[in-house]
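Heads up: the sequence shown begins at 9 in the working numbering, then just goes up one per residue. To start, the structure under review is shown below, and the notes come after it.
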Amino acid sequence: MTSSKFDLAVLGADDPLGEALLRALEEKEIPIGRLRPLTLGEETESGTTWQGSDWPCEGLAGFDPAQVQAVVCANASATAARQTKLWREARPHMPQVGPEDITPAPAVAVARVLKALVAVAGPVRADAFCTLPASLAGKAGIDELANQSKALFNLETPESECFPLQLAFNLLPQGQCLTDAYLERCVQACQAEAKDAEVQFSAVWSPVFYGASVMLHARAGKPVDAEALREALRHRDDVTLMESELAAGLPTPATDAADSDDVFVGQIAASGNGVRLWLVFDPLRLEAAQLAAAVENWIDIPSDSVLT
Numbered sequence: 009m010t011s012s013k014f015d016l017a018v019l020g021a022d023d024p025l026g027e028a029l030l031r032a033l034e035e036k037e038i039p040i041g042r043l044r045p046l047t048l049g050e051e052t053e054s055g056t057t058w059q060g061s062d063w064p065c066e067g068l069a070g071f072d073p074a075q076v077q078a079v080v081c082a083n084a085s086a087t088a089a090r091q092t093k094l095w096r097e098a099r100p101h102m103p104q105v106g107p108e109d110i111t112p113a114p115a116v117a118v119a120r121v122l123k124a125l126v127a128v129a130g131p132v133r134a135d136a137f138c139t140l141p142a143s144l145a146g147k148a149g150i151d152e153l154a155n156q157s158k159a160l161f162n163l164e165t166p167e168s169e170c171f172p173l174q175l176a177f178n179l180l181p182q183g184q185c186l187t188d189a190y191l192e193r194c195v196q197a198c199q200a201e202a203k204d205a206e207v208q209f210s211a212v213w214s215p216v217f218y219g220a221s222v223m224l225h226a227r228a229g230k231p232v233d234a235e236a237l238r239e240a241l242r243h244r245d246d247v248t249l250m251e252s253e254l255a256a257g258l259p260t261p262a263t264d265a266a267d268s269d270d271v272f273v274g275q276i277a278a279s280g281n282g283v284r285l286w287l288v289f290d291p292l293r294l295e296a297a298q299l300a301a302a303v304e305n306w307i308d309i310p311s312d313s314v315l316t
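Below you can see the structure in the form of structure tokens.
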């Protein structure tokens, strides 16, 4: 990496993905010069944390993309997409990256496990049922789940804006990113990463704030050796195998996955050609890592590039 620093704008810096991105940039020690944290909300109410300090977020009205060398969008809303489109038109050579440019977290997590399974059992067909946290819908998703939970405890009617229906104490199979197009992106990305694996995704929103889970069912063309699969998973640096006879030793989204880059795997059960696995992971961390990698790659571009 070059020693020069890099001025960066983050749209949605006060959203969960934006906050995860800033932590990833710090952890990787990526040399950011001037950070411009931007919000789609009210300036007076929005802030984030950067390098151990609280930073207020700026509104869009006073921001000029010519003031930075690149933009990361950490908000998946239509409003954010329209704004980044305007910036692309104004500065077509300025690097930008956003949620639509990275691999969805469920595909990242499932692909890690399927690569180990394919190495042991050969080509497989799999079904991945995912439960996704409110944080994947942004700050609005977290606020809505919190407010709905409070309303129900107070015997009040919960209001729904971010999600199509009540999420608190409920499961929702649609809304926000749970579209056919999103699930197809998961399929395509996972199969591109995990060769010889044919996979289908389905998902629901779950009433948890952080951490996602997957119940993965797969079938191979030959009997699956569960012990060989466990050994293959142990050899992956980005997977943590957790199996225990005690309930407290099983991985869960809240107790293990949150704020970790690993995929945690447990409850492996093989029968004949079939196998079942339980996965938990932090989707914000997996997606933020990709955004941070994009920033790192931009900084590595030679000094005579269009970025200077």
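We put the CB at the ideal spot given by N, CA and C, even for glycine.
Apart from the 5 residues on each side of it in sequence, residue 267 sits with its Cβ closer than 7 Å to the Cβ of 290 and 293 in its chain, given in chain order. Taking the C-beta atoms as reference points, residue 283 is found no nearer than 8 Å to residue 272. The Cβ atoms of residue 78 and residue 222 do not sit closer than 8 Å to each other. No residue range can be given for residue 165, since it is assigned to no alpha helix (DSSP H) and is classified by DSSP as neither H nor E. The segment 36-101 contains, as complete alpha helix (DSSP H) runs of 4+ residues, the segments 86-98 (chain order). Under the three-state reduction of DSSP, residue 229 is assigned to coil, being neither helix nor strand. When C-alpha distances from residue 106 are compared across 30, 57, 65 and 19, the shortest belongs to 19. Taking the C-beta atoms as reference points, residue 69 is found no nearer than 8 Å to residue 123. Annotation: the continuous beta strand (DSSP E) that includes residue 18 extends over 14-19.
Every unbroken stretch of the alpha helix (DSSP H) spanning 4 or more residues and falling wholly within the segment 92-148 is given here in chain order: 113-129. In the same chain as residue 208, and ignoring 5 residues on each side of it, the C-beta atoms closer than 6 Å to its own belong to 135, in chain order. Between the alpha carbons of residue 121 and residue 258 lies a gap of roughly 17 Å. Remark: C-beta atoms of residue 84 and residue 146 approach each other more closely than 8 Å.
Counting along the chain, residue 244 sits inside no alpha helix (DSSP H), nor does DSSP assign it H or E at all.
Cβ atoms of residue 175 and residue 153 come within 8 Å of each other, at about 5 Å. For residue 292, the enclosing alpha helix (DSSP H) starts and ends at 291-307.
Between the alpha carbons of residue 158 and residue 97 lies a gap of roughly 43 Å. A check of alpha carbon separations from residue 219 across 76, 16, 14 and 25 identifies 25 as the nearest. Following the DSSP letters along the chain, one finds residue 195 inside the alpha helix (DSSP H) bounded by residues 188-201.
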